[in-house]
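Number of protein chains: 2
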Amino acid sequence: MTYRPPVRDMAFTLNEVAGLSDLLGKGAYEDVSADLVEAVMEEGAKLAADVLAPLNRSGDAEGAKLKSGAVSVPSGFAEAYRRWVEGGWGSLAATTEYGGQGLPVALSVAMQEMWNAACLSFGLCPILSQGAIEALTAHGTEEQKNIYLARLISGEWTGTMNLTEPQAGSDLNALKTKAVPQGDGTYRISGTKIYITYGDHDMAENIVHLVLARLPDAPPGTKGISLFLVPKFLVNEDGSLGARNDAWCIGLEEKLGIHGSPTCVMSYGENGGAIGTLIGQENRGLACMFTMMNNARLLVGTQGVAIAEAAYQHALAYAKDRKQGRPLGSTLAPGEMAPIIEHPDIRRMLLTMKSLTDASRAICYATAVAIDGAHAGDKREEAQARADLLTPIAKSFSTDIGVEVASIGVQIHGGMGFIEETGAAQFLRDARILPIYEGTNGIQAIDLVSRKLPLGNGSVVKNFIAEMRETAQQARSSNNKLLGEIGGALDGALDALDKATDYMLANLKSAPNDCLAGASPYLRLFGTAAGGHYLAQSALRDPAAKARLALAQFYAANVLPAVHGLLAPATAGADSLFALTADDLA
Amino acid sequence: MTYRPPVRDMAFTLNEVAGLSDLLGKGAYEDVSADLVEAVMEEGAKLAADVLAPLNRSGDAEGAKLKSGAVSVPSGFAEAYRRWVEGGWGSLAATTEYGGQGLPVALSVAMQEMWNAACLSFGLCPILSQGAIEALTAHGTEEQKNIYLARLISGEWTGTMNLTEPQAGSDLNALKTKAVPQGDGTYRISGTKIYITYGDHDMAENIVHLVLARLPDAPPGTKGISLFLVPKFLVNEDGSLGARNDAWCIGLEEKLGIHGSPTCVMSYGENGGAIGTLIGQENRGLACMFTMMNNARLLVGTQGVAIAEAAYQHALAYAKDRKQGRPLGSTLAPGEMAPIIEHPDIRRMLLTMKSLTDASRAICYATAVAIDGAHAGDKREEAQARADLLTPIAKSFSTDIGVEVASIGVQIHGGMGFIEETGAAQFLRDARILPIYEGTNGIQAIDLVSRKLPLGNGSVVKNFIAEMRETAQQARSSNNKLLGEIGGALDGALDALDKATDYMLANLKSAPNDCLAGASPYLRLFGTAAGGHYLAQSALRDPAAKARLALAQFYAANVLPAVHGLLAPATAGADSLFALTADDLA
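This is how it looks when you write it as structure tokens:
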């Protein structure tokens with residue numbers, strides 16, 4: 005059993021539920037139709053299923069390797085990457101000015117889901133390149149764009165993000181890497197960076213490192229951080245490769261999962277200094293970094309969707325095939341066993357997996373469509389605000405459920421789930437990084453509560469809730485009994501979301517610590533409710549599709565009620581967290 | 005950082021919260037005092053912390069190995085096992101008739117928590133021996149007891165349970181292994197068994213395999229299953245070892261975790277037949293197996309507690325040490341960072357870990373005390389019924405939270421959590437088997453709903469809920485504000501438990517599939533509420549202990565409310581699970 009992208013469902017979610025079709029056929033997307041979107045997805049699905057998916061288990065077993073200062077990726081990765089580049093998959097949403105195809109970001113997000121569901125370790129590489137593309141598109145000089153951006157967009161070269169240092173994880177104030185101006189427009193970079201995904205590899209002839217560092221006279225804290233472009237090989241004026249730069253992978257982490265993806269310790273300037281150029285302005289690196297990270301956060305959320313979809317397909321195939329026991333009232337001949345999918349508890353697990361996957365997919369796609377709307381829609385500010393609001397939810401909710409869904413997949417396999425050969429365990433191992441990198445989910449929750457809820461004085465979040473209320477109202481007023489149930493459950497969930505949101509908005513200034521204390525359960529509540537809204541939408545938009553209606557009803561009756569257990573912790577405040585000191589805990 | 009058993013808390017939970025002290029100083033435990041219990045725990049804690057805990061990481065890295073038909077355990081395991089046997093730790097609760105110490109089962113359960121928290125791969129071996137001890141104590145012949153039971157109790161030999169075959173996992177109807185009587189009181193056993201924990205190893209000179217098999221004329225299904233004792237080495241009449249029996253490990257599984265513990269494919273009778281003797285009566289093997297498995301289920305629940313405690317200690321140490329960022333209103337000097345434990349979200353994660361661990365520990369210990377009460381108390385039938393009711397909850401709730409707590413531990417470590425060297429990921433890998441083996445948690449939920457709720461016509465569960473109501477009442481009527489809050493939250497949770505229980509009792513006969521459909525969320529609801537009851541008890545019994553009160557209040561405000569999200573799925577019935585056919589799902 006290998007992964008096959010559910011193209012019809014993905015396209016429906018993208019076009020109808022997330023609303024991409026509203027942006028097509030006009031403006032920047034005048035030449036793009038919903039049919040074209042689906043056709044592109046069909047084409048990519050072949051690559052994902054036939055070329056990438058077969059690399060998932062073997063890539064895990066083989067792993068990336070460091071030898072004599074150079075990293076090699078698992079067998080088959082380089083060839084697959086070549087085919088991926090040839091297919092133009094790296095350039096979908098990039099600007100046409102530098103060779104991109106100018107297609108919607110939302111389409112490229114859906115494609116990233118496919119690559120990552122097929123093989124997360126492989127799919128990571130384009131995500132890092134994408135970050136570099138965004139940063140250079142927004143902040144690069146003409147020269148940087150001509151030389152580097154164009155080759156990143158084509159996929160000829162890949163990109164990396166170098167933020168973390170041993171003493172500076174979530175807190176970038178503590179960064180120590182140095183950049184000394186050479187007077188010729190270049191800088192000498194020196195320092196050690198850790199957790200650098202695809203920091204070195206043998207799939208592309210050059211690697212474009214984007215590195216956060218401090219100038220000698222920089223103010224302390226994050227106001228003294230600048231972003232630099234440091235290529236693996238220096239590039240001559242004609243674009244040909246020059247000398248090897250002083251940027252080396254000096255170690256690979258031994259990780260729980262994503263073994264095919266090299267996680268590098270990078271050393272810059274051990275041997276005289278790595279040569280780099282400034283991106284954007286001096287001491288304004290943080291802004292550039294946020295450009296780079298923001299879409300990366302959405303893409304990591306998409307990885308959560310991806311691993312959930314892959315784990316679901318894998319578990320579903322097993323549950324249809326594996327026979328064990330007989331359900332109550334079975335009409336099987338004596339001694340016959342039924343496929344385990346016929347047992348209620350297995351069915352519950354499968355539907356939980358699928359409905360959470362679909363809910364998180366819709367949230368991620370809606371975020372992506374909002375990003376497109378901010379560039380190409382009629383209400384750009386509104387769309388940007390929606391994208392800002394949804395991004396931390398897309399990242400955290402999708403990656404949390406990615407881990408949970410993968411874990412349920414293990415459970416469905418019973419004892420076989422614990423055996424590596426089956427592949428179920430790999431999904432769990434691979435998924436476990438997702439709630440951590442690109443800003444831990446705790447950081448995302450803080451971002452949601454302290455920076456996103458106050459947007460437009462609370463009107464951004466209130467507008468979104470009002471939109472969800474309309475969905476509930478529409479469902480309730482339907483003649484369809486199941487839609488009525490869905491609407492009722494959604495309304496109840498939105499009551500909880502309203503209360504929790506009001507709590508946050510009321511206390512954010514006067515008692516911010518109380519809000520931070522409830523930020524994570526609040527985000528989960530928000531994501532769970534939003535998932536219910538989008539699944540209800542999918543049922544409303546296509547009520548003839550029995551599966552969509554049934555899935556939305558299952559979610560409404562079984563998954564959505566969790567919000568009623570989240571309201572209390574979201575609004576409990578900080579007292580119960582700090583009743584004991586750190587020393588009291590043992 | 006290595007694990008140190010929290011002896012004071014464990015002893016308090018055992019004696020006061022779970023109520024072991026009520027059974028001490030009289031009857032079978034006349035010579036046992038609460039002080040003695042704590043002293044034994046102190047002694048065992050040294051072995052756990054100093055000898056076993058250091059083997060946890062190295063045992064994972066090295067793993068068990070199969071070479072030339074013999075399994076070797078990781079370095080240090082054999083020596084540790086020798087010291088464990090010398091300390092008499094295998095014989096604590098065993099019958100004095102065969103060399104046991106006749107101490108409470110509850111004490112041995114607490115000790116098993118220590119071994120498993122220190123090193124789950126090591127701790128598994130005694131759990132399997134324990135199953136064999138229970139089965140032989142209850143069903144063995146005099147000869148089997150004299151030769152095998154005595155040496156299992158001393159720890160000189162170890163035991164295994166051989167149930168699963170490739171085609172027969174949860175459904176034992178499908179067992180194929182054969183047993184042919186030889187006319188001399190022995191049987192020739194032939195067949196393949198899988199997932200046999202410690203099926204072979206080099207820590208003890210003999211291994212006592214308990215094997216389920218079918219006689220030639222056995223009726224089909226589980227009524228035709230018998231249990232056999234098949235030693236690795238045949239035993240002479242004087243107890244000395246004879247010929248090697250035809251029972252071999254022919255493969256080791258490559259697993260997600262517990263790498264130090266060999267999971268064997270066992271082949272019986274490939275070379276002429278393995279010689280075994282019958283345990284109990286022919287075709288009554290299932291009853292013997294349940295004796296063997298029942299306490300094993302509690303012990304696996306205890307493994308969930310153990311891994312949660314170990315993961316908590318590990319994450320707590322990291323959170324106190326790792327500095328990153330500054331909490332709001334920090335008085336730190338500019339540029340200084342605070343330990344991450346000072347951030348609300350990290351604090352929430354740690355308290356969630358600790359309160360879930362303590363809640364599940366109390367449930368497991370209460371189950372163990374009920375088992376002791378059934379042998380030694382004043383109300384033996386009542387105690388046995390309580391043990392029966394709580395066992396599936398102890399197994400499932402504790403192992404589910406074991407996985408969740410270990411996963412939170414990874415999250416607290418941030419990027420370091422994904423690096424194997426840290427050890428946080430190992431807890432998650434090791435924990436993941438616990439909800440699967442000894443009856444999947446789904447099977448436990450079915451057991452709870454379909455076999456345990458009907459006990460005493462519903463009076464057994466109702467009595468327990470009434471006891472929990474009293475706790476809530478006691479807490480509510482206290483002058484202490486926090487206790488009042490705890491009581492209120494517990495009462496609310498019990499309302500949900502009451503409703504769900506009434507639903508199950510009302511529908512079990514008329515609509516059993518609706519009950520099975522909600523069994524897993526019902527079990528989680530039950531466990532969550534019971535945890536609140538026991539934590540409230542711990543606060544009530546020792547209100548001066550600030551930490552216990554604070555923890556109970558945290559749980560009441562933040563964890564317990566989850567029951568309000570579980571009531572709906574527990575009582576939603578089967579319709580939403582079967583609205584789609586297996587073929588509809590893709």
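As they're listed, the protein sequences go chains A and B. For the first sequence, the numbering used here assigns the number 5 to the initial residue and increments by one for each residue that follows. For the second sequence, the numbering used here assigns the number 5 to the initial residue and increments by one for each residue that follows. For each residue, glycine too, the CB sits at the ideal point set by N, CA and C.
message: When you compare the CB positions of A/ILE469 and A/ALA479, do they come within less than 7 Å of one another, or not?
response: no
query: With a Cβ-Cβ cutoff of 7 Å, do A/GLY4 and A/ALA319 count as a contact?
result: Absent from the structure is residue 4 of chain A, since the part of chain A shown begins at 5 and ends at 590.
field: Unbroken beta strand (DSSP E) run spanning A/THR201, endpoints
entry: 191-201
message: Determine, for A/PRO573, whether the minimum Cβ-Cβ distance to residues of chain B falls below 7 Å.
response: yes
task: Just grab the DSSP bridge partners of B/ASN166 for me.
output: B/VAL215
Continuous beta strand (DSSP E) stretch holding B/CYS129: start and end: From DSSP, B/CYS129 is part of no beta strand (DSSP E) but of the alpha helix (DSSP H) over 124-143.
field: CA nearest to the CA of B/THR306, picked from B/MET165, B/LYS327, B/SER112 and B/GLY419
entry: Put simply, of B/MET165, B/LYS327, B/SER112 and B/GLY419 the residue whose alpha carbon is nearest the alpha carbon of B/THR306 is B/SER112.
- request: Identify the contact partners of A/ASP382 in chain B, using a Cβ-Cβ distance below 7 Å as the criterion.
  value: Chain B residues near A/ASP382: none, gap ~36 Å exceeds 7 Å.
field: Selected residue, minimal CA-CA separation from A/ALA435, among A/ASN287, A/ASP404, A/GLY135 and A/LEU584
entry: A/ASP404
message: Once DSSP output is grouped into helix, strand and coil, what is the label at A/ARG436?
response: coil
query: Relative to chain B, which residues along the region 83-115 of chain A have a C-beta separation below 7 Å, given in chain order?
result: none
A/LYS180, DSSP secondary structure in three states: coil
- prompt: Hey, does A/GLY29 have any beta-carbon neighbour from chain B nearer than 7 Å?
  reply: no
query: Given a limit of 8 Å on CB to CB distance, which residues of the region 402-422 of chain A reach chain B?
result: VAL407, SER411, VAL414, GLN415, GLY418, GLY419, GLY421 and PHE422
message: So, does the region 564-582 of chain B touch the region 518-536 of chain B, judging by three or more C-beta pairs under 8 Å?
response: yes
task: Excluding the 5 residues preceding and the 5 following B/GLY67 in the sequence, name in chain order all residues of the same chain whose CB lies nearer than 8 Å to its CB.
output: If the five residues before and after B/GLY67 are omitted, its C-beta is found closer than 8 Å to the C-beta atoms of PRO78, HIS263 and GLY264, all from its own chain and listed in chain order.
task: Please classify A/ALA548: is it buried, with 16 or more other beta-carbons within 10 angstroms of its beta-carbon, or exposed?
output: exposed
message: Please identify, using Cβ separations under 9 Å, the residues of the region 163-174 of chain B that lie next to chain A, in order along the chain.
response: THR168, GLN171, ALA172, GLY173 and SER174
task: Give a single yes or no on whether B/GLN171 has its beta carbon closer than 6 Å to a heavy atom of the ligand ATP.
output: Absent from the structure shown: the ligand ATP. Ligands present: none.
- prompt: Straight-line CA distance for B/TYR369 to A/ASP588?
  reply: 24 Å
query: Residues in the region 512-536 of chain B with C-beta within 7 Å of chain A's C-beta atoms, listed in sequence order?
result: PRO516, ASN517, LEU520, ALA521, ALA523 and SER524
- request: Determine the chain B residues that contact A/GLU424 at a beta-carbon separation under 9 Å, and present them in chain order.
  value: GLU257, GLU258, LYS259 and LEU260
query: Going along the chain, which residues of the region 574-589 of chain A sit with their C-beta nearer than 8 Å to a C-beta in chain B?
result: ALA576, ALA578, SER580, LEU581, PHE582, ALA583, LEU584, ALA586, ASP588 and LEU589
- prompt: Which whole-angstrom value is the C-beta distance of A/VAL567 and A/ALA533, which I expect to be below 8 Å?
  reply: 6 Å
message: Once DSSP output is grouped into helix, strand and coil, what is the label at A/LYS456?
response: helix
- request: Starting from B/GLY329, find everything on chain C with Cβ-Cβ shorter than 7 Å and list it in chain order.
  value: Among the protein chains of the structure shown, namely A and B, there is no chain C.
Backbone secondary structure at B/ARG330 - three-state DSSP: coil
message: Just to confirm, is the Cβ distance from B/LEU553 to B/LEU494 under 7 Å?
response: In this structure, B/LEU553 keeps its C-beta atom at 7 Å or more from the C-beta atom of B/LEU494.
query: Based on the DSSP secondary-structure assignment, which residues constitute the bridge partners of A/TRP252?
result: A/SER271
Reduced DSSP secondary structure (H/G/I, E/B, other) of A/VAL55: Secondary structure at A/VAL55: helix, using DSSP grouped into helix, strand and coil.
- request: Pick helix, strand or coil for B/SER230, following the three-state DSSP scheme.
  value: strand
query: In this structure, does DSSP put A/ILE447 in helix, strand or coil?
result: helix
- request: Output, in sequence order along the chain, the residues in the region 336-350 of chain B whose CB is closer than 9 Å to any CB in chain A.
  value: Along the region 336-350 of chain B, going in chain order, the ones with a CB nearer than 9 Å to a CB of chain A are PRO338, GLY339, MET341, PRO343, ILE344, ILE345, GLU346, HIS347, PRO348, ASP349 and ILE350.
- prompt: Taking any Cβ of chain A, which residues in the region 433-463 of chain B have a Cβ under 8 Å from it, in chain order?
  reply: ARG433, ARG436, ILE437, PRO439, ILE440, TYR441, THR444, ASN445, GLY446, ALA449 and ILE450
- prompt: With 7 Å set as the bound, which would you pick, yes or no: does the beta-carbon of A/LEU332 sit closer than that to a beta-carbon of chain B?
  reply: Cβ-Cβ to chain B under 7 Å: yes for A/LEU332.
query: DSSP on A/GLY280, reduced to helix/strand/coil?
result: strand
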